[in-house]
Structures are given as structure tokens and as C-alpha cells.
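Asks: Residue numbers (the UniProt record's numbering): 1 to 419.
Below you'll find the structure I mean.
Written out as C-alpha cells, the structure is:
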């Protein structure tokens with residue numbers, strides 16, 4: 001049986017094949033046209049910017065740190081909720097003070113006992129002095145009597161009686177001197193004991209005052225008030241919270257001055273070379289894209305920093321001063337799309353990137369029927385390299401897309417090789 005090989009193609013399949021052939025013809029035409037078009041220099045405005053992610057930060061803020069204690073770490077017991085507004089003088093952070101409470105109670109008890117001991121020593125010294133004074137008075141009386149008896153002339157007494165009274169006088173004088181000496185020694189010893197007791201008393205008072213001051217330092221209070229912002233937990237990429245243990249002198253909370261905010265951007269070493277103070281900046285907050293912020297680069301850090309969350313790469317801090325504020329909506333920590341204006345020229349020669357070659361000497365272009373030329377670019381975007389009019393080229397100049405730049409550059413004068 002003969003098969004029907006002349007069966008017509010279905011209409012749907014015929015349309016699909018026709019569309020595919022038309023598309024292939026169109027692509028081929030575009031390819032041929034593109035291959036026939038030579039790159040040429042154009043003229044127009046040029047704008048190059050570096051787009052980065054920035055963060056709002058306060059120019060000034062009241063920062064609070066974990067206090068110094070006898071322990072290396074302190075534990076956060078309570079924190080005022082982040083984002084709430086604290087009044088001037090209000091507590092915003094409290095650290096665990098249970099150990100300090102026990103210590104203060106013991107010091108107060110020791111101080112009370114020492115004060116009693118000190119008062120007892122003073123009373124004992126007073127009683128001792130009265131007793132010693134009485135003994136001295138008795139010795140003085142005995143010597144006075146002995147002096148009267150010894151004053152009778154020798155010819156009026158028997159020789160033995162006279163010598164006995166003289167001996168009694170000498171003995172009473174010696175006894176008086178001994179009692180006076182002993183009284184001075186005992187009083188001096190008593191004064192030394194009281195002085196030592198007073199020193200111990202002052203030492204305990206100092207320790208108690210220091211302990212109370214240290215306990216007071218475990219409660220942080222704001223001076224000017226404002227919105228509470230938590231600091232990050234070191235090494236954990238999160239905010240601090242009650243129950244965390246922090247090292248002494250580590251920052252825990254800050255209250256920013258919302259009247260003056262700035263943008264902070266961190267750039268790589270390569271990006272830093274393109275940024276200078278005074279460059280204009282445009283930014284939009286991620287939370288409020290309708291807010292357009294403008295400003296200029298205030299400072300570029302010379303000191304590189306390294307953060308664990310960024311790996312081993314180093315970054316430099318760029319601070320942007322803003323032209324205006326929106327205190328009702330702008331808050332520290334908000335992220336913003338930040339565009340730093342690197343180059344802005346009203347009229348420049350624009351060289352297509354397809355006609356640019358680069359080697360260790362720099363950037364090269366080649367006009368048709370001319371030698372390769374080393375140029376100093378004003379800047380780059382995704383499609384063009386901008387150069388100034390001092391290059392000796394002009395708008396409409398046809399360029400060679402593929403060429404080999406020389407390895408030894410010619411000397412340049414305003415972008416043009418010397419003849």
C-alpha cells in the first residue's frame with residue numbers, strides 16, 4: 001500500500017516554523033549589522049558614581065559602658081527596652097549586684113563593731129588616766145609627808161631615825177618618778193591603740209564607701225535622655241540583652257543625638273582610592289525610599305578595620321555629612337542606598353568600552369588609521385570611558401575595536417604623545 005507523502009503540514013505547525021525562521025533571520029541581520037558598525041567617539045554629559053550600602057549614625061551620642069568591678073565580667077540584669085525614650089536622670093541599665101549587697105552588709109557590720117571597739121578603747125584610756133592620776137597623787141602625798149619628816153634637822157633626832165626618814169624620802173621620790181613614767185608609757189600605748197583603731201575605722205569607712213559607689217555604678221543613668229539603642233554582643237552579631245555577661249569597660253547602650261545624624265559607609269581598599277573629601281553624595285533610606293538625602297563626604301578613614309562578620313578583608317570608614325534631617329523618621333542604624341559621585345562632567349568625549357584596551361601602562365584607544373594612544377580617563381561607567389578634549393581626539397572619530405597596545409608608552413603631554 002502506497003503511503004501519502006504529500007500530506008499537507010498542519011496550520012499550527014506551519015506558523016511555528018515560519019516564526020522560528022523569521023527570528024533566525026532577524027538575529028542574523030542584527031549580527032551582521034553589529035559586525036559592520038565601527039565604534040566611534042561620542043560627546044555628552046558624564047556621571048560616574050559609586051553605589052554602596054550606608055548606615056545612619058549619630059554624630060554625637062551618650063555612650064554607656066560596663067563598670068569596672070573586682071570581677072572581669074558583669075552580668076546585665078535589666079535594660080530599658082530598645083527604642084523607648086528615656087527621661088534625663090532615668091536608669092537605663094542595671095547589672096547584677098547580688099554579690100555587692102552581701103559585701104556591703106558585711107562591711108556595715110564590721111564597721112559597726114569597729115566603732116564600738118574604738119569607743120571602748122577611748123573609754124578605757126579615760127578610766128586608765130583617772131586611775132594613773134590617782135596613783136600619782138597618792139605618791140606625791142607620800143613624798144610630801146616624807147619630805148616633812150626628813151626636813152627635821154639631824155641634831156634634833158636620833159641618828160637612826162634621821163637616816164630612816166632620809167631613806168623614806170628618797171624612796172618616795174623614786175616611787176613618784178616611776179609612777180609618772182609608767183603613766184606616760186601606759187597612756188602612750190593607749191593612744192597608739194586608739195590611733196590604730198581609728199585607722200581601721202577609716203579603712204572600713206573607705207571600703208564601705210567604695211562598695212556603695214561600685215554598687216551605684218552598676219546602675220547606669222542617662223544625663224540628657226533620648227532614644228535607647230543597644231550595642232552589639234561582641235563576636236555574636238546580635239544586640240545585647242538582659243542575662244548577657246559583658247567585660248568591664250565594654251559599651252552596652254548609647255543614646256544618640258537625633259538632631260544631627262550622618263551616614264557611615266565602609267569601603268574596600270580599591271574603592272577608597274576613588275573617594276575624596278567634598279564629593280557629593282545622594283542616598284535613599286531602605287525603610288523610606290521616598291526620602292532623598294544629599295550631602296558630601298566629610299572624612300575618609302586612613303586606618304583600616306577588620307570585622308569578624310566580614311571575613312579577613314579590610315575596610316575603611318567613610319563619613320558623609322547630610323544637608324538636612326528628618327527627625328521624625330530618621331533613626332540611627334537605618335540602612336540607605338548611598339551613591340557617592342565620583343565624576344560629573346557636563347560635556348566629555350565618550351569612548352565605547354569595546355574600543356578600550358588596558359595594560360600595565362594604562363588605558364589605550366586607537367583611532368582608525370592612527371597609532372594607539374595612551375589616555376587619562378576621567379571616569380568609567382558600564383558602557384563608556386570618559387576623556388577630556390586634551391586627548392587630541394574629537395566627536396565622531398572612528399575607533400579600532402581590536403588592536404594591540406604597545407608595551408612601552410610614549411611620553412604624554414595633556415594626553416597626547418610628544419612628537
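From the three backbone atoms N, C-alpha and C, an ideal C-beta is built for every residue, glycine too.
Bear in mind that the values here come from a model prediction, so they are computed numbers and not experimental data.
(1) Thinking C-beta only, is residue 43 closer than 8 Å to residue 395?
(2) Use the C-beta contact count for residue 253: other C-beta atoms within 10 angstroms, 16 or more gives buried, fewer gives exposed.
(3) Report the residue ranges of all beta strand (DSSP E) runs contained in full by the UniProt domain "YknX-like beta-barrel" (263-337); include only those spanning at least 3 residues, in chain order.
(4) Smallest Cα separation from residue 315: which of 264, 123, 231 and 120?
(5) Quick check on residue 278: buried or exposed, where buried means 16 or more other Cβ atoms within 10 Å of its Cβ?
(6) Expressed to the nearest angstrom, what Euclidean distance is found between the alpha-carbon atoms of residue 393 and residue 386?
(7) Nearest CA to the CA of residue 338: which residue from 47, 41 and 54?
(8) Run through DSSP, which three-state label would residue 401 get?
(9) Using the three-state DSSP reduction, which class does residue 385 fall into: helix, strand or coil?
(10) Give every residue of the same chain whose Cβ lies closer than 8 Å to the Cβ of residue 215, excluding the five residues on either side of it in the sequence, and list them in chain order.
(11) The beta strand (DSSP E) spanning residue 206 covers which residue range?
(12) Helix, strand or coil: which one does DSSP assign to residue 75?
(13) Quick check: the segment 210-228 against the segment 282-292, are there 3 or more CB pairs under 8 Å?
(14) Got a sec, what are the start and stop residues for the beta strand (DSSP E) residue 255 sits in?
(15) So, with DSSP's three-state summary, where would you put residue 93?
(16) Touch check for the segment 321-333 and the segment 48-62: three-plus C-beta pairs under 8 Å?
(17) Once the 5 residues before and after residue 258 are set aside, which same chain residues still bring their CB inside 6 Å of it?
(18) Could you pull the DSSP bridge partners for residue 339 from this structure?
(19) Within the continuous beta strand (DSSP E) that includes residue 132, where are the two ends?
(20) For residue 24 and residue 37, what's the separation of their Cα atoms in angstroms?
(21) I'd like the list of long-range same chain contacts for residue 30, defined as Cβ closer than 7 Å, with 5 residues on each side in sequence excluded.
(22) DSSP puts residue 352 in a beta bridge; with which residues?
(23) Whose C-alpha, out of 171, 117, 240 and 372, is nearest the C-alpha of residue 201?
(24) Within a Cβ cutoff of 8 Å, which residues of the same chain sit near residue 426, ignoring the five residues on either side of it in sequence?
(25) Excluding five sequence neighbours on each side, which residues of the same chain lie with their C-beta closer than 6 Å to the C-beta of residue 139?
(26) Spatial neighbours of residue 171 within its chain, please: C-beta separation below 8 Å, excluding the five flanking residues on both sides.
(27) Can you tell me which residues form a DSSP beta bridge with residue 61?
(28) Beta-carbon separation of residue 70 and residue 94 under 8 Å?
(29) Once you ignore the five residues that flank residue 46 on each side, which residues in its own chain have a CB closer than 8 Å to its CB?
(30) In three-state terms, what does DSSP make of residue 346?
(31) Are there 16 or more other CB atoms within 10 angstroms of the CB of residue 165, so buried, or fewer, so exposed?
(32) Check for me: the beta strand (DSSP E) holding residue 246 runs from which residue to which?
(33) Taking only three categories from DSSP, how would you classify residue 422?
(34) Tell me the DSSP bridge mates of residue 357?
(35) For residue 80, which residues from the same chain have a beta carbon less than 7 Å from its beta carbon, with the 5 sequence-adjacent residues on both sides left out?
(36) Over what stretch of residues does the beta strand (DSSP E) that includes residue 375 continue unbroken?
Replies: From the atom records:
(1) yes
(2) buried
(3) 280-285, 292-300 and 316-322
(4) 264
(5) exposed
(6) 12 Å
(7) 54
(8) coil
(9) strand
(10) 97, 100, 101 and 104
(11) Not the beta strand (DSSP E): residue 206 falls in the alpha helix (DSSP H), residues 159-217.
(12) strand
(13) no
(14) 251-256
(15) strand
(16) yes
(17) 327
(18) 51 and 282
(19) Note, residue 132: premise wrong, no beta strand (DSSP E); alpha helix (DSSP H) at 98-150.
(20) Reliability fails at residue 24, whose pLDDT of 46 lies under 50, so the model's placement of it is uncertain and no value is given.
(21) Interpretation of residue 30 is limited by its pLDDT of 38, a score under 50 that renders its predicted location unreliable; the figure taken from the coordinates is listed afterwards. Correct list: empty, nothing qualifies.
(22) 384
(23) 117
(24) No statement about residue 426 is possible, as the shown extent of the chain runs from 1 to 419 and does not include it.
(25) 175, 176 and 179
(26) 146
(27) 256
(28) no
(29) 343, 344, 345, 348, 350, 378, 379, 381, 384 and 386
(30) strand
(31) buried
(32) 245-247
(33) Here the chain comprises residues numbered 1 to 419, so residue 422 is not present and cannot be evaluated.
(34) 364
(35) 86, 92 and 228
(36) 373-375
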